[in-house]
Amino acid sequence: MSDRCDLFWTEPSQDGGAPISHYVIEKRETSRLSWSLVESNIPATSFKVTKLLQGDEYIFRVMAVNKYGTSDPLESEAVIARNPYKPPSAPSSPEASEITKDYIVLSWTAPESDGGTEIIGYHLEKRDKDGVRWTKCNRQKLTDTHFKATGLSEGHFYEFRVAAENEAGVGDLSDLSLFYRAINATTPPGPPHHPKVTDHTTSSVSLSWGKPASDGGAYVKGYIVEMKEVSAEEWTMCTPPTGLQATRLTVDKLKENGEYNFRVCAINSEGVGEPADVHGTVIAAEKIEAPEIELDADLRKVVSVRAGGSLRLFITIRGRPEPTVKWEKEEGALTDRAVIESTGSYTMLVIDNVHRFDSGKYILTLENKTGTKSAFVNVRVLDTPSAPQKLEIKDVKKDSVTVCWETPLTDGIFYFRVCAVNEYGFGVMAETKNPVKVAQVPMPPGKITLVDATKTSVTLAWVKPAHDGGSKVLCYNVEMLPKGTDKWGVVCTAKVPEATIANLTPNETYSFRVIALNEKGKSEPQEFGVPIRAKDIEIEPTVNLLFNTFSVKAGGDLTVEVPIRGRPKPVVSWKKDGLPLKQTTSLSINNTLVSSKIIIKEATIDHVGKYEITLANTAGTISTDINVVVLDKPGPPSSVKVDAVTADSITLSWTPPEYDGGFIGYHLERKERSSILWAKMNRLLIKDTQFKVTGIEEGMFYEYRVYAENIAGIGKVSKVCEAVAARDPCDPPGQPEVTNITRTSVSLAWTKPEYDGGAKVTGYIIERRDLPEGRWMRCNFTNIPETYFDVTGLTQDQQYDFRVTAKNAAGLFSIPSYNTGPITVKDDVDPPRIMMDVKFKDTVVVKAGETLKINADVAGRPLPVASWSKDGKEIELKARIQIYSTDTSTMITVKDCVRSDSGQYVLKLQNVAGTVTTPVNCMILDKPGPAAGPLSITGLTAEECTLSWGPPQEIGGAEITHYVVQKRETSSLAWTVVHGESTEFTVSGLTADVEYVFAVKSINKIGLSEQSPVSEPQAATDRKEEPVFDVDIEMRKMLLVKHGNSFTLKAPFKGVPVPSVTWNKEEVDLKARATVETTATYSSLTIEKATRYDSGQYTVTLDNGVGTASLPMVVKVLDSPGPPVNVKIKDVTKDSATVTWDIPENDGGDAVKAYHVEKREASKKAWVCVTNNCRNLTYKVEDLQEGQIYYFRVIGENEFGMGVPAETRDGTKMTGNFIVI
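First residue of the sequence shown? That's 7 in our numbering, and the numbers climb one at a time after it.
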């Protein structure tokens, strides 16, 4: 590095007989003779030397030391103290990716060279077009290659540059960016969001849409809705040309059942945006909706109404057409008191003065032609009970009677009364004083759980019965069944759902159950699921603390009791602040079976801390922290200091006391420096360690002190802070701006401080520093009262930084202003610069007939000369093409644009400092030219024909979306429109024998082209063509088929009218042997399970009256050979005969490789093989019996097997003479 270096060496080869204890390093500059000590006691063989002067050359030497002395020195070579790395090269020029009036997002690429070390950051600077000063955009280190530059003035132009920094320093600056204008770019708005149909009738359609995702940077002034019939080409505007501000519209006066398309566009100050189409076509017909019922949450529950009140059921409904409404009551007819009100959107049922019989389920039914929908509402009327049902009198005696009845429809409790009757009438009634409630035995208890178990007892708990039977549960019986017995016995009775069963036998197994009892009797028993063995249970230790912080006033007593649980009994241990807790005279520990206590007497600060209790037994270990706070008076706060001072306030802060003893707040006091009386500043306790004092006298010196308070009282006071006067500080001057630069001077100007600190600003101090690492130096040695100054005596091409400090009449200095940023001292000549709106970076699109405007702001010293050209040629000024230029701007205007105005417009600026050009690509969109002709008509029939044409030579700057095909009968003047997507279209629906002409129009997004040249007249008649076969060379080759396989011969053909087809094969009836399938374009012949006899030539013949055509097709079936021919016997002797034959007529598709010759005696049926490998057409059979009659046969064999045998028709007798029998 530039101020340090690392030295390394190896140990001496000879240590002098004693270990090396350390090393000594010295250094000297090569310009001096004296050595200076760097370090005298270095134990290792390396060392980092620091505090070197950058650019100086040094020599170092090292000496080893042992107990006998110091060795001779080892010197290094001369080394210059400088950074081994270089600053990085320049990054790419910053480019803007997003521009608004408040910020510009810039990005750049990293330098090609990082100087040999990692880049640690970037410095991004900006400059206003109207100024000469560069200012930093990033106040903090910037490590990314993009940045959001803020603090811009709306409408101003800015340029940017960036430099990279590594360990060696800041590298070269990048090339300057383009000038970017801080303004929200305005474009036409985007398409409205999701236009949709909300309703439609036979004569209207209702639409709605959302705001566009992008307003183009300008307020959306309105929306335009357009429509067209599906068969039409032109769109019709449904709104005023200025648009509609609402986001919904109902388009009326439509044709019933007409099909329409709709689209919506947004408008802002830049014009009309892209349209958003309503999906699909819309038919002007009545909207159909199935009935729907919307029940709110309250109606989904049981609706309760008190007797005598009003029942109101309001339900929202919908459906198209409007559904009929029907209310019903599930049990019985709807009361006559019911009033029903219904509209297309709701229905309401009202029943006044309800009673118990109005309870029940009310059913609402909606119906229209699309369907039916039903819903119900449960209604409960809260009323007194109704009369009991089916009252009967039984068992009448002189002193008692049995009365029976069924419960009333609406239940309750019962009263009874009795009277005697004699021959003179009814006696006085006697009635029960208390009501009688119908009750029954309770339900069984709920789930039973085991709470505890020891070797002599069990503790159980259970859940109360789900229902008490209408009478309070009085108690519970716990029954027990010892193992090995079958008798349950009651072991205890409990009034609460928990009981302990004692006196059990250790290690015995028991079953338990619980029964609930009320005044009606016992419930069914609830059993514990498994038997329980009486034995001790291990329970992991637990601590049950409601809170873990305890407090006590200083001098008071504190008892911390911790409830504990565990089995076996856990061992308890205590710690305080991580160390074992020791018992003292003021602290004792008391442990019992269920708790552990710490008892603190006369608590002091020493008892404050974190206590830890640990419980351990064989089941586990657990620890819990407990905090003890001793509430004592706090100590004094410290470090009271002044943070900020103004003319009417002073802000102070301090450090909390070392011990706050349960802190509550602070008190702040002050006094004048010349007084002895302290005054309290706070009415309420100060909770923070900072406070702003107001209501003070400007210029007066004050002293302050602080003390803390907690619940124990007020603590000691802090030390008094230094006296401070209430006086506003002077603000810094405005950031200096450069007004002029020469090769030896820089002119600066700045604004006065916004606030002078209560005293007039009397002058300024101007400072400069050499970049990149110079010190700040004062530029003026006399007082400068003005807000401008010329700094002279500067070095040409050197970079400087400047700042200004203000001084007021009170002798106070402000903090320095912001720096100007790097300023290069050189003559003030700027190359020409072009500032254009970002939208001109993309292709500018203008519709034909509209006006094209390209404008730019220009800059440069001296003022540059502007010139415009198009496609490399100078622009000729015409009535509709004008160029306007000023010192700071230039603009070209092209009115009534035509397609030839498309191209690249180039603005060129030139002055003595250089030349700069900026291209702008423009495209003028117009209707396309007519489709290229002539129109080609093919496939003409009596009903249709196919048209084809070429695309237009001039597409109007926009892609052709589709074509419109027109047809006209030559006897008529009216054209009929049909559609076409590509440059070929089939026109159907022609009338036979009528003569037609055709034409085509091209369409792009701008509109329709002129009509293409009209085609030659053509009559719609069916054409006639001779039949021909449409086969290739492969189909004319021989077809090879294996024996047993199927094959198909297919013959494609053409001909008008469709020809008749005939298949032939010599000496074969194909109607019986084959299957023939014929269509308008081909005929096929299929033969299943081919044999050798299916080989040969097949001929297919076409005939349509215009001509005939034939096609031969050859098939060879690969099979075993057919029978040999002409089998004859000759040269017969008494024991031999010679058999001759000719080759088979059908060899099965493969030559015969051998013949089998067989014989058979006339008196036998079995054939005997004589030879199976005869290669000739003759064979002599020997060893025959004289006088015996023989038959002979021959079989051919090829690759596919043995063929069909051919045998002699007559027998041959073996004699000396040839006799045929």
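Just so it is clear, CB atoms sit at the ideal spot from N, CA and C, and this is done for glycine as well.
Is A714 helix, strand or coil when you go by DSSP?
DSSP places A714 in strand when its eight states are reduced to three.
Specify the secondary structure class of M1119 as computed by DSSP and reduced to three states.
Of the three classes helix, strand and coil, the one that applies to M1119 here is strand, per DSSP.
Cα-Cα separation between V1226 and D1038, rounded to whole angstroms:
Residue placement at V1226 is poorly supported in this model, since its pLDDT is 46, which falls under 50; the coordinates are not used for a value here.
To which residues of the same chain is V424 closer than 6 Å at the C-beta, ignoring the five residues directly before and after it?
Excluding residues within five positions, the ones whose Cβ falls inside 6 Å are A436.
Alpha carbons only, please: which of L564, E950, A964 and P925 is nearest the one belonging to P934?
If we check each option's Cα against that of P934, A964 comes out closest.
For D1109, the residue or residues it bridges with in DSSP
According to DSSP, which records beta bridges pairwise, D1109 is partnered with S1066 and T1114.
Could you give the DSSP three-state label for M897: helix, strand or coil?
For M897, the secondary structure class from DSSP, reduced to helix, strand or coil, is strand.
Rounded to whole angstroms, what's the CA-CA distance from I961 to S1015? Just pull it up for me.
One alpha carbon belongs to I961, the other to S1015, and they sit about 9 Å apart.
Just how far apart, CA to CA, sit S180 and L148?
For S180 and L148, the gap between their C-alpha atoms comes out near 16 Å.
What residue does the beta strand (DSSP E) around R1199 start on, and which one ends it?
Per DSSP, R1199 belongs to the beta strand (DSSP E) from I1195 to N1204.
Closest Cα partner of R781 within the set F808, I790 and F787
Out of F808, I790 and F787, F808 has the C-alpha closest to the C-alpha of R781.
If you draw a straight line from the C-alpha of S873 to the C-alpha of A102, how long is it?
Cα to Cα, S873 sits roughly 26 Å from A102.
T976 versus E544, F1004 and F991, residue with shortest Cα-Cα distance
Closest option to T976, judged by alpha-carbon separation, among E544, F1004 and F991: F1004.
Spatial distance of D258 from K202 (CA atoms):
The alpha-carbon separation between D258 and K202 amounts to approximately 16 Å.
Whether L946 touches W955 by CB criterion (8 Å)
No, the pair does not count as a contact, with Cβ atoms beyond the cut-off.
Terminal residues of the beta strand (DSSP E) in which E975 lies
H968 to E975 is the span of the beta strand (DSSP E), which, as asked, contains E975.
Could you check if L319 is buried or exposed, using at least 16 other CB atoms within 10 Å of its CB as the buried criterion?
Label assigned to L319: buried.
Sequence-distant residues of the same chain with beta carbon closer than 6 Å to P451, five excluded per side
The answer, listed in chain order, is W468, P471, V520, A522 and Q532.
Let's test the definition: count the other Cβ atoms within 10 Å of the Cβ of G286 and tell me whether it reaches 16, buried, or not, exposed.
Under this definition G286 is an exposed residue.
Assuming contact is defined by CB atoms lying nearer than 8 Å, are V871 and T894 in contact in what I supplied?
Not closer than 8 Å, so no.
For the beta strand (DSSP E) holding L179, just list the boundary residues, first then last.
L179 -> beta strand (DSSP E) spans G175 to L179.
Might you give, ordered along the chain, the residues of its own chain that have their beta carbon closer than 6 Å to the beta carbon of K1048, omitting 5 neighbours on each side?
Shown here for K1048: same chain residues with a beta carbon closer than 6 Å to its own, the five before and five after excluded, namely L1124 in chain order.
Within the continuous alpha helix (DSSP H) that includes L1076, where are the two ends?
L1076 -> alpha helix (DSSP H) spans L1076 to R1079.
Quick check on DSSP: helix, strand or coil for D612?
Residue state, collapsed to three classes: helix.
Where does the unbroken beta strand (DSSP E) through E232 begin, and where does it stop?
Element bounds for E232: G228 to E235.
In the DSSP assignment, find the unbroken beta strand (DSSP E) run with D108 in it and report its ends.
No beta strand (DSSP E) contains D108, which DSSP labels as neither H nor E.
Per DSSP, what kind of secondary structure is E1094 in: helix, strand or coil?
Here E1094 sits in coil by DSSP.
Opening and closing residue of the alpha helix (DSSP H) in which R306 lies:
Start and end: A303 to R306.
Contacting residues, own chain, Cβ-Cβ under 6 Å from F422 (five flanking each side not counted):
So the qualifying residues of the chain are T438.
Give the DSSP-derived three-state secondary structure of E1192 in the structure shown.
When secondary structure is reduced to three states using DSSP, E1192 falls in the coil class, being assigned neither helix nor strand.
Could you pull out every residue in the same chain whose Cβ sits closer than 7 Å to the Cβ of G350, ignoring the five residues on either side in sequence?
Within its own chain, the residues whose Cβ lies closer than 7 Å to the Cβ of G350, once the five positions on either side in sequence are excluded, are E328, listed in chain order.
Consult DSSP for D134 and reduce its assignment to one of helix, strand or coil.
DSSP places D134 in strand when its eight states are reduced to three.
So is L883 buried or exposed if we call it buried at 16+ other beta carbons inside 10 Å?
Exposed, since its Cβ has fewer than 16 Cβ neighbours within 10 Å.
Please state whether the Cβ-Cβ distance between L1045 and V1121 is less than 8 Å.
Closer than 8 Å, so yes.
To the nearest angstrom, how far is the alpha carbon of G671 from that of T695?
In this structure, the straight-line span from the alpha carbon of G671 to that of T695 is close to 9 Å.
Inter-residue CB distance, T896 and A862 (contact presumed, cutoff 8 Å)
Indeed, because the Cβ distance is near 6 Å, the residues count as touching under 8 Å.
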